[in-house]
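Here the sequence shown is numbered in the numbering used here, starting from 11 and rising by one per residue. Where is the CB? At the ideal position from N, CA and C, for every residue including glycine. Each remark here refers to the structure printed beneath this line.
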Amino acid sequence: MACFRRRIFPFGSFPLSRPEINDLYGTRHIGRDQAQELVGLMDFFCFSEACLIADIVQHFVDAKLEFDPSYVYQDVNQAIQHVHRSGLAHRGILSDPEKYLVKNGQLFRFLRMLKENGKKLFLLTNSPYYFVDGGMRFMLEAKFHIIQELLVKLHATVSNGEASEDYMSLLWELNEERHKACYTMKRMFNKSFGATFLTDTGQESAFAYHIHQYADVYTSKPENFLCHPPHAWLHVPYDIKIMPHHVKV
Numbered sequence: 011m012a013c014f015r016r017r018i019f020p021f022g023s024f025p026l027s028r029p030e031i032n033d034l035y036g037t038r039h040i041g042r043d044q045a046q047e048l049v050g051l052m053d054f055f056c057f058s059e060a061c062l063i064a065d066i067v068q069h070f071v072d073a074k075l076e077f078d079p080s081y082v083y084q085d086v087n088q089a090i091q092h093v094h095r096s097g098l099a100h101r102g103i104l105s106d107p108e109k110y111l112v113k114n115g116q117l118f119r120f121l122r123m124l125k126e127n128g129k130k131l132f133l134l135t136n137s138p139y140y141f142v143d144g145g146m147r148f149m150l151e152a153k154f155h156i157i158q159e160l161l162v163k164l165h166a167t168v169s170n171g172e173a174s175e176d177y178m179s180l181l182w183e184l185n186e187e188r189h190k191a192c193y194t195m196k197r198m199f200n201k202s203f204g205a206t207f208l209t210d211t212g213q214e215s216a217f218a219y220h221i222h223q224y225a226d227v228y229t230s231k232p233e234n235f236l237c238h239p240p241h242a243w244l245h246v247p248y249d250i251k252i253m254p255h256h257v258k259v
């Protein structure tokens, strides 16, 4: 069971009042069945989708027009997916990287520190290689060849018509490893290990509910780990039920 925070529960661009929430939903609690229908916004790419949904909803509200919010979400989601999958967003960013990408010297420092300590990395992304390659070359400039030494590159785009025996064998092997890892993790952690983020009522938020599905450690940017030694093992202590930023002053 999760719940949402009243102060940050908007409809369009403005937060709903407690009576409005009660009229629309009857309760602030989100049951597990309802949570399955929620869409988690987990990265910066989701900001554009969330803002567009809010702006369109606010337009209908201001114009006093009847509308179905589910159709608004479906249309916006399809538009965002098209821009992403067609490569329009990737090509637009690479055409003017100064406008969209922020150079970060700390990122290079972090990656160099890992390399100097013998660490091996892989990059898991749903973005095409040309986009990642172009973005990294812009952000790291001439230093990118050092990063290439750190990353072991395996890039392939496999469509239904290109599913060769080698690719299928690799896919089967990866799936087997993933299933074993999932089974091991289920045995390691109690299914009721508690909340990562809390609402003002002290209960798990919907955001935390989604985070729990895939993350043990989270951070806004990788260079935050520069504060830790390269041999550190980061995990959630079993006896900690609240994170530092949960403490109320």
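Check	Outcome
Counted within 10 angstroms of its Cβ, other Cβ atoms place Phe132 as buried (16 or more) or exposed	exposed
Which of helix, strand or coil DSSP assigns to Pro79	helix
Between the CA atoms of Tyr83 and His39 - distance to the nearest angstrom	22 Å
Residue from Leu104, Leu184, Met123, Leu111 whose Cα sits closest to the Cα of His241	Met123
Residues bridged to Pro20 [DSSP beta-bridge criterion]	Pro25
Span separating the alpha-carbon of Ala45 from that of Phe19	15 Å
Per-residue burial, Met178 [other beta carbons within 10 Å of its own, 16 or more giving buried]	exposed
Per-residue DSSP class, three states only, for His39	strand
Residues of its chain near Leu26, where Cβ-Cβ distance is below 6 Å and the 5 sequence neighbours each way are ignored	Phe19
Same chain, Cβ closer than 8 Å to Ile63, five either side skipped, listed in chain order	Val82, Tyr83, Val86
Beta-carbon spacing of His92, Phe141 below 7 Å	no
Buried versus exposed, by CB contacts within 10 Å (16 or more), Val67	buried
Range of the contiguous alpha helix (DSSP H) that encloses Cys56	55-72
Met178 Cβ short of 6 Å to the ligand HEM heavy atom set	Only the bare structure without any ligand can be found here, which leaves the ligand HEM out of the picture.
C-beta atoms of Phe120 and Leu48 nearer than 7 Å	no
Terminal residues of the alpha helix (DSSP H) in which Pro107 lies	107-110
Whole-angstrom distance between Leu181 and Asp106, CA atom to CA atom	36 Å
First and last residue of the uninterrupted alpha helix (DSSP H) at Gln116	115-126
Three-way DSSP call (helix, strand, coil) for Pro240 in this model	coil
8 Å Cβ shell around Glu233 - same chain, five flanking residues per side excluded	Asn114, Gln116, Leu117, Arg119, Phe120
Leu131, DSSP secondary structure in three states	strand
Residues near Thr135 in its chain [Cβ-Cβ closer than 8 Å; skip 5 each side]	Val142
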